[in-house]
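Asker:
Protein chains: 2
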Amino acid sequence: MALFLPVAIDVMGGDNAPGQIIDGARQAFASGIPVVLVGRPEEIANFDTGGLPVIGASEVIAMDDDPGKAVRTMKDSSLVRAAEAVRDGKASAFLSAGNTGATMASALLRMGRIKGVQRPAIATPIPVPGHLPTVLLDAGANAECTPEMLLQFAQMGTAYARARFGIERPRVGLLSIGEEDGKGNQLAKDANEAFRRGDAGPGVNFVGNVEGRDIMTPNIDVVVTDGFTGNVVLKTLEGGMKFFAGKVFEALTSSPEAKEAAKVLLPALMPLAEALDPSTYGGALLLGTDGVCIISHGSSNATAILNAAKVARDMVEADLVGAIRAAVSEGS
Amino acid sequence: MALFLPVAIDVMGGDNAPGQIIDGARQAFASGIPVVLVGRPEEIANFDTGGLPVIGASEVIAMDDDPGKAVRTMKDSSLVRAAEAVRDGKASAFLSAGNTGATMASALLRMGRIKGVQRPAIATPIPVPGHLPTVLLDAGANAECTPEMLLQFAQMGTAYARARFGIERPRVGLLSIGEEDGKGNQLAKDANEAFRRGDAGPGVNFVGNVEGRDIMTPNIDVVVTDGFTGNVVLKTLEGGMKFFAGKVFEALTSSPEAKEAAKVLLPALMPLAEALDPSTYGGALLLGTDGVCIISHGSSNATAILNAAKVARDMVEADLVGAIRAAVSEGS
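Here the protein sequences line up with chains A and B, keeping their order. Sequence positions in the first sequence follow the working numbering and run 442 to 773. Sequence positions in the second sequence follow the working numbering and run 442 to 773.
#1: Are there three or more Cβ pairs, one per stretch, closer than 8 Å when the region 588-597 of chain A is compared with the region 553-562 of chain A?
#2: Taking a cut of 9 Å between CB atoms, which residues from the region 624-639 of chain B lie near chain A?
#3: Using a cut-off of 8 Å between C-beta atoms, extract the partners of GLU679 of chain B located in chain A.
#4: Measuring CB atoms only, is the region 694-710 of chain B touching the region 692-701 of chain A, in the sense that at least three cross pairs come out at less than 8 Å?
#5: Counting contacts by CB-CB distance shorter than 9 Å, is VAL801 of chain A in contact with chain B?
#6: Can you tell me whether DSSP reads ALA443 of chain A as helix, strand or coil?
#7: Quick one: residues in its chain with C-beta nearer than 7 Å to the C-beta of MET682 of chain A, no 5 flanking neighbours on either side, listed in chain order?
#8: With 7 Å as the C-beta to C-beta threshold (strictly closer), list the residues of the region 552-573 of chain A near chain B in chain order.
#9: Can you tell me where the beta strand (DSSP E) holding THR565 of chain B begins and where it ends?
#10: Pick helix, strand or coil for ILE450 of chain B, following the three-state DSSP scheme.
#11: Which residue comes first and which comes last in the alpha helix (DSSP H) that contains VAL414 of chain A?
#12: Among residues of its own chain, excluding the 5 on either side of ALA443 of chain B, which ones have a beta-carbon nearer than 8 Å to its beta-carbon?
#13: Less than 9 Å between the C-beta atoms of GLU620 of chain B and GLY581 of chain B, yes or no?
#14: Identify the residues that DSSP records as bridge partners of PHE647 of chain A: which are they?
#15: Compare the C-beta of MET545 of chain B with all C-beta atoms of chain A and state if any pair is closer than 9 Å.
#16: Just to make sure I have the definition right: I need the residues of chain B whose C-beta is within less than 7 Å of the C-beta of ILE618 of chain A. Which are they?
#17: I want to verify the contact list: residues of chain B whose CB lies under 7 Å from the CB of ARG698 of chain A, in sequence order.
#18: So, do the region 641-656 of chain B and the region 666-678 of chain A have three or more beta carbon pairs nearer to each other than 8 Å?
#19: Where DSSP assigns a beta bridge to VAL477 of chain A, which residues make up the other side?
#20: Let me confirm a value: SER472 of chain B is counted as buried when at least 16 other C-beta atoms fall within 10 Å, else exposed. Which label applies?
#21: Evaluate the contact criterion for the region 539-552 of chain B versus the region 515-522 of chain B: three or more CB pairs, one atom per stretch, below 8 Å.
#22: Mind checking whether the beta-carbon of ASN583 of chain A lies closer than 8 Å to any heavy atom of the ligand ATP?
#23: Going by C-alpha to C-alpha distance, which of A:ALA764, A:GLY732, A:GLU758 and A:THR514 sits closest to LEU536 of chain A?
#24: Report the three-state DSSP secondary structure of GLU585 of chain A (helix, strand or coil).
#25: Quick check on SER695 of chain A - is its C-beta less than 9 Å from some C-beta in chain C?
#26: For the beta strand (DSSP E) holding THR575 of chain A, just list the boundary residues, first then last.
#27: Relative to chain A, which residues along the region 587-615 of chain B have a C-beta separation below 8 Å, given in chain order?
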């Protein structure tokens, strides 16, 4: 572990920055993961960092800043400095709960793309309580996609599902509006044809079209789609689950009798709540950049940051970047 | 009520046809809605129809038949005959739980489009327990859309939300991947610009972009999107809710103690289960055809058919077709 480079953590990004982010970083360090904090030294000094190393950055990219412009003009921002730390061999990976677009742009501009990758994609694990999650990509990096991009998403998603969840030969589905090959919009139809021709290469185990209802089931491992549809799916599920969970909670606390009954059910309901908690998986991975970049949820708390740091460490140790490089060059 | 033309019910379509469909039709009639059954007389004769009138049709379009081809070639199918009954003034509306594509094609080819409507759209109420549902359209009729089509969906969705749920000035949102106007794929960006220019006309209360997480909230009344994205959203929610509900049910029955506790919670949980039950809203409406057409879920039971018949009756009485005609011509 002594040779393992630290994970660079942008402590300025996210709804709970910097307090919860620093807390999460400390917890990660305590669990054996070397970390380096990136942010404004004078703000970090207000918190007990437990002596963690700091890379200073004087600027902060806000959640609603224009990503491209912010990354180009705020060269001393915590996000840009975190990505540079990876590029310069001072960190093994970086993570941020800040502006998603700026996180992607920092990763792309500072770490660069893996050779052969057309466009990096965001891969998000969708929880399937009681089972391994389903990897959804692209979850929002590319609003417009070509069939060729979807083929690469399948290659990268396969490498990721194997490295992260140990699925030897992940089943890859193409998101569409019918299981039959001919169903969908033009992109889905063209992509389906390309997959059926075997254009994704022998490394991709394409099982055909899948529908929205298949995502939260154990029947599929990787679901590929364009970043517009993927992002809509992700947020629809997030919203739906939150609303449903809120209603169940309302029912469980609707009367003194209900509250008593709920206590009995808590041990059975807790694993479900945990599995659906966004902090469980620590965040999404940006696949296709020449370095590990984790995009944590804006609402990340210390636990989410701890989990994200673990994922970063695991993905560096599993050489995810090398696996994606091999998958993309083999498939082309 | 004597002057009200019957609702034509395709008793051959759906997973539970014809038994549950006929049951539902009987219940509808018992509740004061005149109905006419459409299907194979020899099969209908095996069930107790309570003497309901029958329009004979010798063919049945299967769930997996190619919609266009089936409707063109199977002229004596129950779906085509049901749509013809509306065209010929023998029925006021028709409904089917069968092949969705063929239902749309029958409606379009036999009843025709309302003048000025580019493409009919499927409008599906998304349950928001404790509140009025959110109307989502297009939920799957048009995999490829233009900005102009989305403007019309907004006009038609507005007329529908008013006629069906009594919302005087429904808030219309454009589904995208960010609330800011510039966010989204090309279609969403172009549509947003057209909405902002006021191209949808004064009748549409456009409130801006909405995200997936907004759909199941009381914050929006009508959400417009292309039929690919809409169908993915619908099935994603359906799958997610089903999976979540199944897991909650597992927890409630995980032990004898849990089962006892669950009994106490049942009164509080039942309204939620009912609100999320697809049969509650009876199905989706095809908007833009010159007659009321209800697309019920393939899994419809008798209750779903009863509710669908009620919706059909209500939409005829509210002159939904006239309201859409006015909305589309006013907006253009």
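Where is the CB? At the ideal position from N, CA and C, for every residue including glycine.
Answerer: Let's see:
#1: Judged by Cβ distances under 8 Å, the region 588-597 of chain A makes contact with the region 553-562 of chain A, as three or more pairs qualify.
#2: LYS624, GLY625, ASN626, GLN627, LEU628, ALA629 and LYS630
#3: GLY653 and ARG654
#4: yes
#5: No answer is possible for residue 801 of chain A: the residues shown for chain A start at 442 and end at 773.
#6: Caution is warranted here: a pLDDT of 43 is assigned to ALA443 of chain A, below 50, making its placement in the model unreliable, and the coordinate value is therefore given only provisionally. ALA443 of chain A: coil per DSSP, three-state reduction.
#7: Within the same chain, Cβ atoms closer than 7 Å to the Cβ of MET682 of chain A are found at LEU717, the five residues on either side in sequence being excluded.
#8: Within the region 552-573 of chain A, the qualifying residues are PRO570.
#9: Run containing THR565 of chain B: 562-567, per the beta strand (DSSP E) assignment.
#10: strand
#11: This structure leaves residue 414 of chain A out entirely; chain A is present only between 442 and 773.
#12: Only weak support exists for where ALA443 of chain B lies, its pLDDT of 44 falling under 50; the coordinates are left without a value.
#13: no
#14: A:VAL613
#15: no
#16: By Cβ distance, chain B contributes GLY581, ALA584, PHE669, ASN672 and VAL673.
#17: What sits at residue 698 of chain A in the sequence shown is Glu, not Arg. Neighbours of GLU698 of chain A on chain B, chain order: VAL705.
#18: Output reads yes: the region 666-678 of chain A touches the region 641-656 of chain B.
#19: A:ALA449
#20: exposed
#21: yes
#22: As for the ligand ATP, it is missing from this structure, which has no ligand bound.
#23: A:GLY732
#24: coil
#25: Here the protein chains are A and B, and chain C is not one of them.
#26: 575-578
#27: none
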